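Asks: For reference, each letter of the sequence shown is one residue, going -25 to -1, 1 to 1072 in mature numbering (1 follows the signal peptide of the UniProt record, and there is no 0). Cβ coordinates follow ideal geometry from the N, Cα and C atoms, glycine included. Note that the coordinates shown come from a computational prediction; the quantities given were computed from them, not determined experimentally.
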Amino acid sequence: MTKRYTLVLALVAFGYLLLPGPGLAALQPGFDQKQVAVIDSGAYKTRAWGLAIADFTGDGVPDIVSGSTSGYVHLYAGTGDGTYASPSTVLLNLGVHNAYGLVSGDFNGDGIADLVLCPINGDNGLDPVGDSLVKLYLGIGNGAFRSPVTIGDAGTDAMALVAGDVDGDGRLDLISGDQTNSAGNTADVLLFRNLGTDVNGVPAWSSPTTIISAPRRNTVDPEQPPYFPPKYYFQSYGLALADIDGDGDLDLLVSDLATYLYVYSNDGLGHFQPVRYNRIATRPFAYAQLHGDMAENQTAIAAADLNGDGLVDIVAGGDQAGYNYNWEGKVDLWLNEGLDSSGRPTFASVGIIGGDGTNVRGLAVGQLNPKQDSTTDVLFGNNEGRLSALFADTKDSDGDGIIDRWDNAPLISNAPRLDINGDGFVNRFDQLDADHDGIGDVADDDNDNDGVPDTIDNAIYVANHDQADSDGDGVGDVSDPLFNRDTDGDGVPDAPLDQVLQGKAQQAKAIWSQNDTHFIIRVDSLGRLYQNEFVQTFLDAAILSPAEWALRKGESYNGKGDAPAPTGYTVPAGLAGGKETPVSVFVIPKQLWATSGDPDPINWINARITNRNLEVAQHGTYHAYLTNTGDWKDQEDRNWMAVETAGFTFPEMFEYLRIGKETLLGDYADPWIVQSGATPTSARIDWSQAAHPLISYAPPYDASDIPARQAVAHLGYIAFSASVWEETNPIFSPEGSHHQTFDQFGMYHASADRQVDPVGTDVAGFLEYLDGITRRGALNTFLIEQTEWSGRYCNDLPRLGPCATSPSNINEENNTIDLGRWEKWLALLDFAKTNGSVMTMGEYALAMSFDNAPTAYNPNQKDADHNGIGDAIDGAALSSGEIRFACAETGATGILAATLATPLAGVPQQLVSFRTDADGDGATEGYDGATDGAGKVAVPIAVAYPVGSVIPYTASWDGILANAQAEGTVRVTAQASLLPPLAKLVSLTEDPPLPTAAYRQGRTVPLRLQLTCGSRALTAADVAPPRIVAIERAGESVALATIDLDAGQANDNGLDFRFAGDAWIYNLDTRGLSAGAYRVTILMPDGVGYRAAFVLM
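#1: Which residues in the same chain as aspartate 1044 place their Cβ atom closer than 7 Å to its Cβ, once the five residues preceding and following it in sequence are excluded?
#2: Look up glycine 910 in the DSSP assignment and say whether it is helix, strand or coil.
#3: Which value, in whole angstroms, describes the spacing of the CA atoms of tyrosine 505 and glutamate 701?
#4: Based on Cα-Cα distance, which residue from His667, Asp398, Asp537 lies nearest to serine 651?
#5: Starting from the Cα of valine 998, find the closest Cα among Leu170, Met616, Trp1039 and give me that residue.
#6: Would you say the segment 542 to 560 touches the segment 608 to 624, given that touching needs at least three Cβ pairs under 8 Å?
#7: If we count the other Cβ atoms within 10 Å of its Cβ and call it buried at 16 or more, is isoleucine 431 buried or exposed?
#8: State whether the segment 490 to 504 contacts the segment 556 to 566, with contact taken as three or more CB pairs (one from each stretch) at a distance under 8 Å.
#9: Using CA atoms only, rank isn't needed, just tell me which of Glu627, Asn68, Trp309 is closest to leucine 393.
#10: Should the segment 367 to 385 be called in touch with the segment 602 to 614, which here means at least 3 C-beta pairs below 8 Å?
#11: Measure the C-alpha to C-alpha separation of valine 925 and alanine 951 and round it to an integer number of angstroms.
#12: I'd like to confirm the pairing. Which residues does DSSP put opposite histidine 724 in its beta bridges?
#13: Would you give the residue range spanned by the alpha helix (DSSP H) that asparagine 581 belongs to?
#14: Closer than 8 Å is the cut-off here; do at least three beta carbon pairs connect the segment 479 to 491 with the segment 821 to 831?
#15: Could you have a look at tyrosine 1065 and say whether DSSP puts it in helix, strand or coil?
#16: Phenylalanine 806 lies in the beta strand (DSSP E); which residues open and close that run?
#17: Beta strand (DSSP E) containing glutamate 637: first to last residue?
#18: Which of the three DSSP states is assigned to proline 320 in this structure?
#19: Taking DSSP's pairing of strands, which residues face histidine 493 in a bridge?
#20: Between aspartate 448 and asparagine 439, which are expected to be in contact by the criterion C-beta below 8 Å, what is the C-beta distance as a whole number of angstroms?
#21: Helix, strand or coil for threonine 602 per DSSP?
#22: On the CB-based measure, 16 or more other CB atoms within 10 Å of its CB, does isoleucine 748 come out buried or exposed?
#23: Is DSSP giving asparagine 459 helix, strand or coil here?
#24: Note down, in chain order, each residue of its chain lying with its Cβ closer than 8 Å to the Cβ of asparagine 83, except the 5 sequence neighbours on either side.
#25: Tell me whether the segment 186 to 201 and the segment 120 to 139 touch, counting them as touching only if at least three CB pairs, one residue from each stretch, are closer than 8 Å.
#26: Determine the extent of the alpha helix (DSSP H) in which glycine 478 is found, giving its start and end residues.
#27: Count the other C-beta atoms from every protein chain shown that fall within 10 angstroms of the C-beta of threonine 906, then say buried if there are 16 or more, exposed otherwise.
#28: With three or more C-beta pairs closer than 8 Å as the rule, is the segment 149 to 167 touching the segment 122 to 135?
#29: Let me know the secondary structure DSSP gives residue 1073 once reduced to three states.
#30: What's the C-alpha gap between lysine 799 and glycine 534?
#31: Below 8 Å, can you find three or more Cβ-Cβ pairs linking the segment 710 to 717 to the segment 733 to 746?
#32: DSSP three-state label for threonine 891, please.
#33: Residue range of the beta strand (DSSP E) that asparagine 311 falls in?
#34: How many angstroms separate the CA atom of proline 675 from the CA atom of tyrosine 692?
#35: So what does histidine 49 bridge to, in DSSP terms?
#36: Just to confirm before moving on: does the CB-CB distance between residue 1074 and glutamate 359 stay below 8 Å?
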């Protein structure tokens, strides 16, 4: 059965930084895997090792030969279409274990394929063989061979053979490799030169010359490759010959017991020298480790141009599980990407291309189905005795280096440039596909699969069916970090849209208000792979209380993980800490879930994530050096800068950085994260009770460009921190600096003003330094690079200078604590707390995105009581009361009024809403008005009520963070006037004027009133009569019940007016009154009282 092999490869790149990757340049072929043969005879039908592809039968079609455990050499005759004869023909029987070292070639130039074999199990009497005596079997052309000829002695247990013309004389030479359990305890790679044939067509051979002689050693000598030579029986080098560097001669490829790959350059005469790559600090001659972290696991290799680009590629077969089960029984491919600037061949791993069973140590390359195509195929054999073909497919319609069968946009070029899934390689798995629907972004018109076409989608890569855009800025709420609305126009955004963030923003603004000098302490960085023990302890000293510090300061140094401190290291006795100071730690998400025996830093984070002093923030995705993979690589003004997030497109950056955010959030469902090895049970950060949300981001190397920042914002980050240098550099920010402002994507930039290192000889000098760099009345973002603060191999010498006690002779940090630098760290924390308000970066950004008086203009954001509500509105109250509306011919009109004021002043420009039932239909209506500079508001309205009606109303104000309500009434009143001869009516709060004439005591005083609504006079048919309710003389009330005021008893009630003619009349009988000035209070039918005056003499 044929299958298309799509197994995802495992991680092979470990360390703090990934090596620079050349990106996807070479076509990645695909392979159809098919079992083509099995070991079908012999006592032990296993170990299909020692493979060769050639035309052994003389029919012009390639055949296969294979060794086996029994020592049989099997021939599988080919048909040309990829199928092979079964059962096999046994060509030779060399005895158990003696057919693994096998190579084919035309060694005598007669055009017929020959065989060379090297036994490892000694002479068993079946054939004249001996341990590692190399034998040549000259082919006859019909599948048979002449009697063997001895070429020479390859040492002990030499299982590795490779043939090629290494000296340019037109004759195939032979190279062998043995193991260190031999004479001299060295694993030797030997060259046997073909000296030409005799009259019988039999080649003569030189004595072996040594190419490699690697001793068995307990420690690695960086200057003596290979570093891990084979040591025992059944262990071997991997060997291949090919023109790797394109100079016309065959170079030697070698893999060792730890699967490191070495290139030995040929001078054209068969003299080989290892190429120095310096890609791995302690392994300068190794190009890469082919199978990741495998140890004592030999690797078979073969070389050929597998993608048709004219460059020779490498395939490798995995042996034994060792430490990395992902490689067991697998075959992987490394594509040749040409020479680097120093003329050294380079390779990029495509990953696993096939696999079956265990111990793939049989490997060969050649055409297996020439009747079908002309591509070079791969043949591999496993421990179980099965032989499988990998038939190559190189069809690439769009020329993007991804063959059609794997290309998620086969007709539109979309070569990946980033290792998004973190497997160490840039390959087909990294093609952009934002919604993981199998359709590449370039061919997908709905990249978030929300049903809204990308051409009109306001959040292209984040699903939002409703397209909500609350601030109307064209960016959907799901991807918009800033609710860009400023209601009061004071330059401060109202508040985050999210309700939870609103609450946190108000808390942050309250902290911000406590001081006009602010500090952000930004610690770079915490990760799984580098110094996490020191960094965690370093952070604990800042965030914990003294009591917590005393209890927990030694937790992090557990001696486990990827890069622990020196064995037995513990926290120094009496180490001070517990400063309860907020810090923002930027975490490298790279495979944070891969615990490697130590679940820190995830466990450490989870134990402290509820602490208000700790903010966890994102620091890129893999902290990779990607300058040479994007657009920057050819730009001389910037290709020397170290960057992870610059020189790429917005979609590339979004999908790349999304992996980092999902990793921190513990969202491992993303297929790219699954490919990297995360599972549903992998360790993850628990954010359910986090004191701070994940809203802050800082790019590795403090460098990013516009598309990268757009991607960060699209991921919802609110706070961004690079460096002031980057902010002002036109390469990164051509639009200008956004330092301490919001950028065009809605992120607040709190970039590092400077990197603060533990300078100076003592704490006093360091504090002077801090005082000198602090900007009073402003934000100070201190970047703390943890590498500058930790212990080193030589603590008294400069970092990265010479250090004799360092394994690399370079004074690097070693995950320990230096007490001098530690003392300055504590001094820095105290300094910040003493000289300002210390906030996390996320807190500060939230404070800047929050207006503590969102409806009132207050650019200074003063908040005297630090409760998160600005003084401009804090304590504001509405006042209102009874309002009189003058009646008209129909209904009444008037002004609803209220005053909004804090204890300090009126609140201007505020919307006050009145509600009343103006039309009498039982439902209230609304009327809005804005307060003036004194906080007063007046709204004219009309009501449909008769004189005397009292209508309730309410007034309300919503200042978002504060609100106020008031109640009042509207009284519909008539216009009342006093007709001569008396003076005018006044309100009850006024003193009425005395008339110019006095009345004699005992005479009648005529009181005449006129009540009107507009131009219409009110009669007895319209309203109830006015009424006298009080008379005063010299400030004393007259007892109305004791006197009779009604002259002639003409009125219905002794105190009521009567309507006569055109006025309301009351003839006041003064006989019961003594001489003096009187004030009379008259209650009108609308319930309003007035006062008038008269004088008796």
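Replies: On the basis of the supplied data:
#1: Thr979, Asp1019, Leu1020, Asp1021, Ala1022
#2: coil
#3: 26 Å
#4: Asp398
#5: Trp1039
#6: no
#7: exposed
#8: yes
#9: Glu627
#10: no
#11: 18 Å
#12: Phe695, His714
#13: 577 to 583
#14: yes
#15: strand
#16: Per DSSP, phenylalanine 806 belongs to no beta strand (DSSP E); it is in the alpha helix (DSSP H), 794 to 810.
#17: Premise fails: glutamate 637 lies in the alpha helix (DSSP H), 625 to 640, not in any beta strand (DSSP E).
#18: strand
#19: Leu754, Ser812
#20: Not confirmed; about 14 Å, so no contact.
#21: helix
#22: exposed
#23: coil
#24: Asp89, Leu113, Thr172, Gly176, Val177, Pro178
#25: no
#26: 474 to 487
#27: buried
#28: yes
#29: Here the chain comprises residues numbered -25 to 1072, so residue 1073 is not present and cannot be evaluated.
#30: 26 Å
#31: no
#32: strand
#33: 305 to 314
#34: 16 Å
#35: Ser41, Val65
#36: In the structure displayed, the chain extends from -25 to 1072; residue 1074 sits before or after that span and is not available.
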